[in-house]
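Structure, as structure tokens:
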Amino acid sequence: MKITFLGTAAATACPLVFCRCPVCREAWRKGGPDFRRRSSVLIGEDLLIDLGPDVMSSAFDFGVDVSGIRFLLQTHSHSDHFNAGHLITRMQDYATEDILPLEVCASPETLRHMSEYLALEEPGADLLLPEWQERLNLSVHSMRHGDMLVLGNRRITAAESNHDLQDGSLLYIIEEEGKTFFYATDTMRLTDRTWKLFRERGFAFDAVAIDTTYGPGTHGGGHLSADQAAEEIARLRAEGVLKPGGRAFATHISHEGMPLHRELDQYAKAHGFEAARDGLSLEI
Ligand SMILES: [Zn+2]
Ligand SMILES: [Zn+2]
Ligand SMILES: [Zn+2]
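Start counting the sequence shown at 1154; every next residue gets the next number (this note's numbering).
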């Protein structure tokens, strides 16, 4: 399974537009791994997790053809994960040609919120109405915690996230040809029901990407900090849910208490994981 991080930032991206702190100044000056776009991940060439606001520019920067995407797993509808302006351009009204069919997976709440954002772009647009699904050349899969779905040669399982209950935010487990990847942002501590799901289904992950929004010791709302992410990863390893030698990556990396990439990566490696960066592509 090929995994490409198109973006590894939280909602603010990094550097922040107006910030003059040493980290932002260094990120502007040097770019590279300290320049982070909003989080999204491409699996293979055709499965995208989160149609975020930076997908187009990061695809260009990293030489990825996003027009071949056939499957979209949407974790939730927050603006750093879903850009309705990108999705609405699937309509023929935008003079589009040769648009491939798209299968969209999300919770019912997220689908409803995505529709509301779409309707701001195009009055009346509704992902749940067959006429609009036809106009957008897509189909929709509504998923709840524990639901499993086969998409092409992959098996997708949804797990609940306590990040935003109103939005029904989800985490996704992707299985492809004997390899398993767990994409776990945005989230706080994994829930008891999620740990139970891992046990009952006997998951053994080859790789994990986990919410690491705040720097070590900086605890904010709705997300994990680097020390909390380290603890979740340690538990995944201890319980055998992350295979021996399995790789774990910090993603959704924000600005609050967060050092430069090099230092975060050193911290992560001392705690059994690594810091992802935009454009990182790996084969598991
Ligand atoms: Zn987010
Ligand atoms: Zn700053
Ligand atoms: Zn969010």
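The beta carbon of each residue, even a glycine, is placed where N, CA and C say it ideally should be.
Checklist entry - From which residue to which residue does the beta strand (DSSP E) around HIS1294 run? => result For the purposes of this step, residue 1294 is taken as residue 141 along the sequence shown, with counting starting at 1. Note, HIS1294: beta strand (DSSP E), 1291–1295.
Next on the checklist: If I follow the unbroken alpha helix (DSSP H) through CYS1177, where does it start and stop?
Outcome noted: Taking the first residue of the sequence shown as 1, we reach residue 1177 at position 24. For CYS1177, the enclosing alpha helix (DSSP H) starts and ends at 1175–1183.
Item to check | Contact between the stretch 1231–1248 and the stretch 1325–1336 (3+ Cβ pairs under 8 Å) | outcome: no
Checklist entry - Could you name the residues, in chain order, whose CB is less than 7 Å away from a heavy atom belonging to ligand 1? => result ALA1163, ALA1164, SER1192, HIS1231, ASP1233, HIS1234, THR1338, ASP1339, HIS1405
Checklist entry - By how many angstroms is the C-alpha of ILE1156 removed from the C-alpha of ARG1308? => result Here the question's residue 1308 lines up with position 155 in the sequence shown. Here the question's residue 1156 lines up with position 3 in the sequence shown. When rounded, the distance between both Cα atoms is 15 Å.
Checklist entry - Going by other Cβ atoms of all chains shown within 10 Å of its Cβ, with 16 needed for buried, is GLU1329 buried or exposed? => result Within the sequence shown, the letter at position 176 stands for residue 1329. With 16 or more other Cβ atoms within 10 Å, it is buried.
Next on the checklist: In chain order, what are the residue ranges of uninterrupted alpha helix (DSSP H) at least 4 long that sit wholly in the stretch 1248–1293?
Outcome noted: 1261–1274, 1283–1288
Checklist entry - Cβ-heavy atom distance between LEU1169 and ligand 2 below 6 Å? => result Along the sequence shown, read from residue 1 onward, the residue named residue 1169 stands at position 16. Yes, the Cβ of LEU1169 comes within 6 Å of a heavy atom of ligand 2.
Checklist entry - Within the present structure, is the beta-carbon of CYS1172 separated from the nearest heavy atom of ligand 2 by less than 6 Å? => result Your numbering for residue 1172 matches position 19 in the sequence shown. Indeed, a heavy atom of ligand 2 lies less than 6 Å from the Cβ.
Checklist entry - Going straight from the alpha carbon of ARG1190 to that of LYS1183, what length do you get? => result In the sequence shown, the residue the question calls residue 1190 occupies position 37. In the sequence shown, the residue the question calls residue 1183 occupies position 30. Looking at the two C-alpha atoms, the distance is approximately 15 Å.
Checklist entry - Hey, is the stretch 1336–1354 in contact with the stretch 1385–1402, meaning 3+ C-beta pairs nearer than 8 Å? => result Between the stretch 1336–1354 and the stretch 1385–1402 there are three or more C-beta pairs closer than 8 Å, enough to call the two in contact.
Next on the checklist: So ILE1363 and THR1404 are supposed to be a Cβ contact under 8 Å. How far apart are they, rounded?
Outcome noted: In the sequence shown, the residue the question calls residue 1363 occupies position 210. In the sequence shown, the residue the question calls residue 1404 occupies position 251. About 7 Å separates the two Cβ atoms, so the contact holds.
Next on the checklist: Please state the DSSP three-state secondary structure of ASP1246.
Outcome noted: If you number the sequence shown from 1, residue 1246 lands on position 93. DSSP places ASP1246 in helix when its eight states are reduced to three.
Checklist entry - Where are the beta strand (DSSP E) runs, 3 residues long or more, that stay fully inside the stretch 1349–1421, in chain order? => result 1358–1364, 1395–1404
Checklist entry - Quick one: does the C-beta of CYS1258 sit closer than 6 Å to a heavy atom of ligand 2? => result For the purposes of this step, residue 1258 is taken as the residue at position 105 of the sequence shown. Flag unset: Cβ of CYS1258 not near ligand 2.
Checklist entry - Does DSSP put THR1347 in a helix, in a strand, or in coil? => result Translated into positions along the sequence shown, residue 1347 becomes position 194. Helix at THR1347.
Item to check | Sub-7 Å separation of GLU1274 and ALA1248 beta-carbons | outcome: Reading the sequence shown from its first residue, position 121 is the one you call residue 1274. Reading the sequence shown from its first residue, position 95 is the one you call residue 1248. Not in contact: GLU1274 and ALA1248 (Cβ atoms no closer than 7 Å).
Checklist entry - Just curious, the alpha helix (DSSP H) that PHE1213 is in, first and last residue? => result Taking the first residue of the sequence shown as position 1, residue 1213 is located at position 60. It spans 1208–1214 - the alpha helix (DSSP H) in which PHE1213 sits, taken as one unbroken run.
Item to check | From GLY1185, ASP1187, PRO1186, ILE1202, residue whose alpha carbon lies closest to that of LEU1193 | outcome: One-based indexing of the sequence shown puts residue 1193 at position 40. It should be noted that the sequence gives Ser, not Leu, for residue 1193. Taking only the C-alpha atoms, the option nearest SER1193 is ILE1202.
Checklist entry - Since VAL1303 sits in a beta bridge, which residues does DSSP pair it with? => result Locating residue 1303 in the sequence shown gives position 150, counting from the first residue. Beta-bridge pairing links VAL1303 to ARG1308.
Item to check | N-terminal and C-terminal residue of the alpha helix (DSSP H) that ILE1241 is part of | outcome: Mapped onto the sequence shown, residue 1241 falls at position 88. It spans 1237–1241 - the alpha helix (DSSP H) in which ILE1241 sits, taken as one unbroken run.
Checklist entry - When you compare only the Cα positions, how much space is there between ILE1327 and LEU1253? => result Translated into positions along the sequence shown, residue 1327 becomes position 174. Translated into positions along the sequence shown, residue 1253 becomes position 100. Answer to the nearest angstrom: the Cα atoms are 22 Å apart.
Checklist entry - Mapping DSSP to helix, strand and coil, what is VAL1170? => result On the sequence shown, residue 1170 is found 17 positions in, with the first residue counted as 1. Of the three classes helix, strand and coil, the one that applies to VAL1170 here is coil, per DSSP.
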